[in-house]
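To start, the structure under review is shown below, and the notes come after it.
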Amino acid sequence: MSTHNMLPHHNQFAFNTCRSSALELWMTNPNDPYVIFGRGTITLTGCLDLCGPGYERYKASDVLNSIATWILPLFLLIANLSYGPYGWLECIRTASHLLGDPIDTISGLLMKLEVAREYRQRVETSRALRNCIQEHHQCGEGDDIYQEATKDLATILTAIDDHSLIDFFSELERHIRRNPATSLSACAAAASELAELRVSNKFLTIFAVLLYVLSIITAYLQTFIFSEGTEISHHLPHTIALRELYYWLLPAVILSTYTGYFPSRHTSGRVLQRLGQDIGLDIPAGPVESANGGTYTWRPIPNFSTIRQSIGLLLAFLSVSLAFAIAFLLSWVTPTQGLGCRGLTQLGFFAGWIISFGMSCALKRIFAKSRNYKLLWRLVTAKDFFLFAAPMLTVLHVAFMGWWNNCRCWSALWSRGFATAYINLMMDKRIKELADSGIVLTLIFGAIIGQMVLFSFMLLLVWRGLPIFIRSEKGIRPSFEDTEGISSPVIVVECVEISIDTDSKMTNIT
């Protein structure tokens, strides 16, 4: 026998009112078809009938609390990305690319570090450069001064890459062979100056990362440990899941701290032009353009031909995938268990990021021949902002306002189907059970540990490229000590390679 027709029906959904109606209905008739799932539950049909359509806005205090404990830490983390000296419009473009295409952003950072690592390896494996460095410094390959010299040359080549994405290795190698003493001394001075001028907001980034992680832990404590009574808390596991969805920001922002940036568009160009004048070499180094290599989160050339580059792309994909997987799982196990609006939105975000990366790759291939990187950058960032970043931030905003606080979204409709979907209105009990089981805590710290493990693999991949961007005082001083007398008269002594044929007793000099 149905008794739900005897209860008052509401025109607008309100969680606590709906819970009261469901409990009253259960106490009146536990066998009513609207409460067949047990005490404190109501079918989706019953919820829509008794509790009404629409959604209930969260209280102003909950919204403000969400802004203070999640939105502000999120934007503080984003603000600590290394944007470079390109003005506010380029900052918006870079941030849009970060939020709209995180896979390309992280892989771009790794590719820039890989460029530095590869240049260092090429310098070390060049027989001509090795001979020049050893003869000039009177050292062996294992000596510190030899290692610093190879890093100096890699620093110069990496800085040139910022300006034009040109492989300048052969030209520099040829010039050093012709005039090793002056060239190596001048390169050491220029590399030291570039290293000192590079800016890195390391400590602010560490603070922003810790604050973001702390906001997750605070939300956990408020939701599972310190929450009392039966009133629904704004910091439900779904809200924590949304924060974990953006955990890929951690490796992205920290990686950008390792690369750093120069304080102006002309800083590195002036150093390189002065170097070119000192050694008589025409180095392509004008003002740095964000689209042509100056923005380290963006590489206009889709080159994943080597194993290392492919591994970097895989790590970027895994970072975004891990954040999504844990956020999705946390929303799935939260009552009502199953796929609701929140999980569906997280799935949409992840699919959007994959589609965005595919569109970026397609645009890069279209512009590969014309090399109009400025137009390419603007099209990609416009795509990121209008199709992905702005809509996603809008969805997050309305979600925190209470858009998902309605019958359909609480019912796990998308996995259970309309006929079997129901709302568990006694969530506090189930949430406490989740806390006691340790599932939520495991997922929260598993997400952090997982991202740090992936970040460790990223660092391992580009480890030998990091010293090109980060130099200690110990690494900088020897280069200055080696540059005395550059302005003195130059004696040109070409660096030669000598090979001896033991059979013919002939000596070949090249």
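Taking my numbering, the leading residue of the sequence shown gets 1252, the next gets one more, and so forth.
Glycine residues also receive a C-beta, built at the ideal position from the N, C-alpha and C atoms.
Predicted model, so just to flag it, every value in this text is computed and none were measured.
Asked                                                                                                                       : Found
Simplified DSSP assignment, three categories, for T1279                                                                     : helix
Cα-Cα separation, F1720 to L1705                                                                                            : 21 Å
Cβ-based burial, V1571 [other Cβ within 10 Å; buried from 16]                                                               : buried
3 or more residues per run - each beta strand (DSSP E) lying fully within the segment 1483 to 1562                          : none
Best match in K1625, G1537, G1531 and T1585 for proximity to P1551 [C-alpha to C-alpha]                                     : K1625
Cutoff 8 Å: Q1560 Cβ touching any chain D Cβ                                                                                : Here there is only one protein chain, and chain D is not present.
Under the three-state DSSP convention, the category P1740 falls into                                                        : Only weak support exists for where P1740 lies, its pLDDT of 39 falling under 50; the coordinates are left without a value.
Buried versus exposed call for H1485 [16 or more other C-beta atoms within 10 Å across all chains shown]                    : Confidence is the limiting factor: at H1485 the pLDDT is only 43, short of 50, which leaves the residue's position unreliable and the question unanswerable from this model.
Same chain only: Cβ atoms within 6 Å of L1694, ignoring 5 sequence neighbours per side                                      : I1577 and L1581
Contact set for T1518: own chain, Cβ-Cβ below 6 Å, skip 5 residues either direction                                         : L1448
Buried versus exposed call for F1637 [16 or more other C-beta atoms within 10 Å across all chains shown]                    : exposed
Helix, strand or coil at I1357 [DSSP, three-state]                                                                          : helix
Assigned secondary structure, T1268 (DSSP; H/G/I helix, E/B strand, else coil)                                              : helix
Option in I1617, L1361 and A1405 with minimal Cα separation from R1559                                                      : L1361
Chain-order list of residues whose beta-carbon lies under 8 Å from that of Q1372 (same chain, five-residue window excluded) : R1715
Cross-strand partners of Y1370 (DSSP beta bridge)                                                                           : DSSP output for Y1370 lists no bridge partner at all.
Helix, strand or coil at T1292 according to DSSP, with G and I counted as helix                                             : strand
Reduced DSSP secondary structure (H/G/I, E/B, other) of I1417                                                               : coil
Rounded C-alpha distance that separates M1677 from L1315                                                                    : 25 Å
I1674 - partner residues in DSSP beta bridges                                                                               : I1293
Those residues which DSSP pairs with V1450 across a bridge                                                                  : Y1512
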